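Below is one structure, written out as structure tokens; the observations come after it.
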Amino acid sequence: MAYSKVNNGDKAVTYLDRNYSQLKQQLIDFAKIYYPDTANDFSEGSPGMMFLEMASYVGDVLSFYTDTQVQETMLEYAQERENLFALAYNMGYRPNITNASAVNLEVTQTIPAGTDGPDFRYALTLKEGSVFTPSNNSGVEFLTQNDIDFNFSSSLDPTEISIFSINTVTNQPIKYLLKKNVKAISAKKKTKTFNIGSPERFLKLELNDDNIINIESITDSNGNDYHEVPYLAQETIFEQVKNTEANDPNLAQYNGQTPYLLRLKKVPRRFTTRFKANNNLELQFGAGISDSADEEIIPNPDNVGLGVNDGRSMLDFAYDPSNFMYTKAYGEVPRNTTLTVTYLQGGGIVSNSPSNSITRIGTLLTQANTPGISISDQISSITVNNPSPANGGGPGDTNNDIRLNAAANFNSQQRTVTKDDYIFRSLVMPSKFGKVSKGYIIQDDQISVDTSRRISNPNVLNLHILGYDINKNLTTLNIAAKENLATYLEQYRMLTDAINIKDAYIINLGLDFEITTFRNYNNDEVITNCIKKLQEYFNIDRWEVNQPIIISEVSNTISQVDGVQTLESIKFNNKFGEVLGYSKYKYDLDQATVNGVIYPSMDPTIFEIKSINNDIKGRVKAY
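Counting along the sequence shown from 1, when you hit position 113 you're at 112 in numbering that gives the first Met the number 0, and nothing is skipped either side.
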């Protein structure tokens with residue numbers, strides 16, 4: 000029903016008629032009611048009808064633009080790509096302009112034999128950003144994402160060693176083959192320079208290129224680095240440093256499992272990036288145009304009243320909120336310098352490559368590990384191949400992709416609030432900082448004042464974690480990995496949350512079972528199939544901390560194997576003792592079993608059949 004307002008003799012006006020035909024008819028009705036003597040010719044060719052139609056036309060156009068403007072403010076209905084981009088960024092999502100293909104490369108080097116195995120003096124390091132290309136001359140390049148150090152081997156970055164050639168007379172190795180795996184993406188490294196004169200607050204620069212993947216680095220002519228941040232108010236970033244004696248003598252012993260350390264670094268020079276609807280990338284810098292220290296303009300609570308180096312008291316300065324615009328709080332703006340921007344460009348469907356196609360050497364960034372060793376002599380022995388295809392390359396986000404991804408990103412908001420948030424963030428920490436494989440979080444508690452009971456500590460969380468060793472058995476993480484995790488979670492945790500990172504407990508188990516089989520079945524084959532099903536069931540990837548064992552499920556797993564007539568018995572036993580290669584924790588399984596369920600300890604505990612090939616045993620009961 001149309002909304003009309005009739006008040007104090009006002010004429011009735013309908014506000015819901017919005018298209019041309021509705022507006023025209025409303026104007027005709029309006030004229031007939033209020034101007035019957037003046038307007039009485041409503042034929043299509045009359046002058047009066049001409050004016051009514053012109054007014055209807057204007058009303059229809061205005062209504063259309065009003066509807067469109069409202070529509071373009073809503074993510075679900077916006078059609079203009081520029082508006083979709085703006086809405087996505089407001090929700091914290093950065094649209095993808097292109098998707099680069101990724102691949103796992105096998106890179107090899109041959110080195111001479113030494114007196115006792117390979118002579119690692121000749122082993123090279125290929126720095127991150129080395130280039131390999133497909134053999135079909137497609138123009139696609141693949142850049143390595145990590146260093147390849149043939150002289151280094153760990154559980155996370157193993158070096159596979161094999162004999163390459165043998166002296167046929169002495170039967171002794173002449174050369175050894177070293178093989179490493181490294182991740183690479185399809186991209187080309189490009190640079191562009193900008194000449195900057197007088198300072199301009201919140202300076203914006205634009206990279207006019209297609210298919211930009213990301214910014215690698217920005218440096219000025221004075222050697223200063225600018226760092227990318229999600230928003231200019233963020234003044235710290237994560238920095239990875241090699242876990243060496245020089246960087247941290249206390250943690251260097253763990254570099255085999257944790258090759259990198261995570262550090263927070265304060266960055267006075269920083270920038271943000273934003274893709275435009277035309278696929279160009281816009282760079283924005285800060286507003287810091289003052290040469291004075293920040294604390295001379297905006298007081299720091301830590302030293303207000305304490306004075307600064309020149310003896311001036313911070314209480315002598317007036318606090319002006321507008322000063323924020325003049326400090327380095329939003330980053331220093333470049334001035335009177337030349338900026339060199341290095342970025343990656345590429346991706347797309349053309350970057351997908353089949354298996355065994357990436358076999359050519361492009362540009363190698365090499366480094367000798369031993370002084371005096373000729374690099375050029377060793378480069379010729381470098382080979383590369385991709386056993387699996389390079390895939391994932393494709394176009395950027397469609398309009399629907401932007402809508403869905405922006406909404407999903409807004410819901411996550413890059414924060415940890417729930418227990419699941421903390422576990423998820425722990426599991427996705429990059430493995431070079433220490434790989435978390437299992438996580439469990441509980442509220443901390445403490446002994447009450449009267450020591451009679453334990454009470455909850457509401458602001459402290461205990462995060463219990465475990466990792467995998469090289470054989471994919473559960474193990475505790477080293478101190479370096481735990482410190483990295485604490486640093487990593489710092490950017491996501493709630494302000495009021497404190498996190499204690501602890502080990503979870505491992506209870507190793509063995510399993511013995513006895514079955515009868517149907518006639519005409521091979522007993523050994525049936526037992527083998529039963530053990531395979533149990534190995535799948537107890538695959539450690541399927542198990543979480545504090546997950547109980549439901550014995551009936553295990554029994555059904557055995558009973559459903561083809562050839563099994565009856566399950567005669569099933570028995571779990573505790574395997575413990577570090578000397579034997581098991582966990583040191585002894586666990587009373589009989590006491591922990593209630594109504595056919597084996598419950599874990601009150602402390603965060605996970606059950607594991609460590610030797611999946613040896614600790615599951617079965618036999619066929621004789622008739």
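C-beta: ideal position from N, C-alpha, C; glycine also. Here the structure is a predicted model, which means the values were calculated and not measured.
* Have a look at A1 and L74 and give me their C-alpha separation to the nearest angstrom. => Along the sequence shown, read from residue 1 onward, the residue named residue 1 stands at position 2. Along the sequence shown, read from residue 1 onward, the residue named residue 74 stands at position 75. Residue confidence is low: A1 scores 44 on pLDDT, short of 50, so the model does not pin down where it sits. No coordinate-derived value is stated.
* Figure out for me which residue from G346, D523, E205, V240 has the closest Cα to the Cα of I273. => On the sequence shown, position 274 is the one that residue 273 refers to. Checking the sequence shown, residue 273 turns out to be Arg, not Ile. Comparing Cα-Cα distances from R273 to each of G346, D523, E205, V240, the minimum goes to E205.
* V383, DSSP secondary structure in three states -> For the purposes of this step, residue 383 is identified with residue 384 of the sequence shown, where counting begins at 1. Strand, per DSSP.
* Assign T190 to buried or exposed, taking buried as 16 or more other Cβ atoms, counted over all protein chains shown, within 10 Å of its Cβ. => Taking the sequence shown and counting its residues from 1, the one referred to as residue 190 is at position 191. Looking at its Cβ environment, which holds fewer than 16 other Cβ atoms inside 10 Å, T190 is exposed.
* Can you name the residues that DSSP bridges to I162? -> Here residue 162 is taken as the residue at index 163 of the sequence shown, counted from 1. I162 pairs with Y175.
* To do: Check S600 in the structure and name its three-state DSSP category.
  => Counting from one through the sequence shown, the residue named residue 600 turns up at place 601. Here S600 sits in coil by DSSP.
* To do: In the DSSP assignment, find the beta strand (DSSP E) that holds K574 and state where it starts and stops.
  => Counted from its first residue, the sequence shown places residue 574 at position 575. Its beta strand (DSSP E) spans residues 563-574.
* Asked: Around the Cβ of I32, are there at least 16 other Cβ atoms within 10 angstroms (buried) or fewer (exposed)?
  -> If you number the sequence shown from 1, residue 32 lands on position 33. When all chains shown are included, I32 counts as exposed.
* Give every residue of the same chain whose Cβ lies closer than 6 Å to the Cβ of T565, excluding the five residues on either side of it in the sequence, and list them in chain order. => Within the sequence shown, numbered from 1, the residue matching residue 565 stands at position 566. Taken in chain order, the residues that qualify are T515.
* To do: Let me know the secondary structure DSSP gives S216 once reduced to three states.
  => As a working note, residue 216 is residue 217 in the sequence shown. Of the three classes helix, strand and coil, the one that applies to S216 here is strand, per DSSP.
* What does a CB cutoff of less than 6 Å around N150 pick up in its chain, not counting 5 residues either side in sequence? -> Numbered from 1 along the sequence shown, position 151 holds the residue referred to as residue 150. Correct list, in chain order: F119, A122, N368.
* Taking all protein chains shown into account, decide if N572 is buried (16 or more other Cβ within 10 angstroms of its Cβ) or exposed. => In the sequence shown, counting from the first residue as 1, residue 572 sits at position 573. Exposed, by the Cβ-count rule.
* Asked: Among the residues of its own chain, which have a CB less than 8 Å from the CB of V383, if the five just before and after it don't count?
  -> Here residue 383 refers to the residue found at position 384 of the sequence shown. The residues are L104, E105, V106, T107, F131, I357, T358, R359, I360.
* **Proximity winner among R269, N399, E215, F270, relative to A87 (alpha-carbon distances)** => Position 88 of the sequence shown, counted from the start, is the residue given in the question as residue 87. Among R269, N399, E215, F270, the Cα nearest to that of A87 belongs to N399.
* To do: Compute every distance between the C-beta of Y175 and the non-hydrogen atoms of the ligand NAP, then say whether any falls below 8 Å.
  => In the structure on display, the ligand NAP does not appear, and there are no ligands present to speak of.
* Considering only residues of the same chain and omitting the five flanking positions on each side of A480, which have a CB-CB separation below 6 Å? -> For this step, residue 480 is matched to residue 481 along the sequence shown. Around A480: T257, G433.
* To do: Tell me where the alpha helix (DSSP H) around Q70 begins and ends.
  => Translated into the one-based positions of the sequence shown, residue 70 becomes position 71. Run containing Q70: 46-70, per the alpha helix (DSSP H) assignment.
* Asked: Which whole runs of the beta strand (DSSP E) in the region 125-149 are 3 residues long or more, in chain order?
  -> 130-133, 141-143
* Spell out the partners DSSP gives K532 in its beta bridges. => Within the sequence shown, the letter at position 533 stands for residue 532. Partner(s): none; K532 has no beta bridge.
* Pull up the CB-CB distance for N545 and T604, whole angstroms please, since I reckon it's below 8 Å. => Here residue 545 corresponds to residue number 546 of the sequence shown, with the count starting at 1. Here residue 604 corresponds to residue number 605 of the sequence shown, with the count starting at 1. The pair is a contact, with the Cβ atoms about 6 Å apart (cut-off 8 Å).
* To do: Answer with buried or exposed for R200, where buried requires no fewer than 16 other C-beta atoms within 10 angstroms of its C-beta.
  => Your numbering for residue 200 matches position 201 in the sequence shown. With fewer than 16 Cβ atoms within 10 Å of its Cβ, R200 is classed as exposed.
* Asked: For the beta strand (DSSP E) that D156 lies in, which residues bound it at each end?
  -> In the sequence shown, residue 156 corresponds to position 157, counting from 1. D156 -> no beta strand (DSSP E), and no H or E assigned at all.
* Asked: From E577 to D208, what does the alpha carbon distance come to, in whole angstroms?
  -> Stepping through the sequence shown from its first residue, residue 577 is reached at position 578. Stepping through the sequence shown from its first residue, residue 208 is reached at position 209. Each residue's alpha carbon lies about 59 Å from the other.
* Roughly how many whole angstroms lie between the Cα atoms of F512 and V553? -> As a first step, residue 512 must be located in the sequence shown, where it is residue number 513. As a first step, residue 553 must be located in the sequence shown, where it is residue number 554. Roughly 10 Å separates the two Cα atoms.
* To do: Consult DSSP for A621 and reduce its assignment to one of helix, strand or coil.
  => The residue labelled residue 621 in the question sits at position 622 within the sequence shown. Coil.
* How many whole angstroms separate the CB atoms of I374 and T365, which I take to be in contact at a CB cut-off of 8 Å? -> Sequence index remark: in the sequence shown, residue 374 carries index 375 (1-based). Sequence index remark: in the sequence shown, residue 365 carries index 366 (1-based). With 8 Å as the limit, I374 and T365 qualify as a contact, their Cβ atoms being about 5 Å apart.
* To do: Taking I441 as the reference, give the member of L280, N461, L343, I500 with the closest Cα.
  => One-based indexing of the sequence shown puts residue 441 at position 442. Ranking the options by Cα distance to I441, first place goes to N461.
* A497 - partner residues in DSSP beta bridges -> As a working mapping, residue 497 is identified with position 498 in the sequence shown. A497 pairs with V459.
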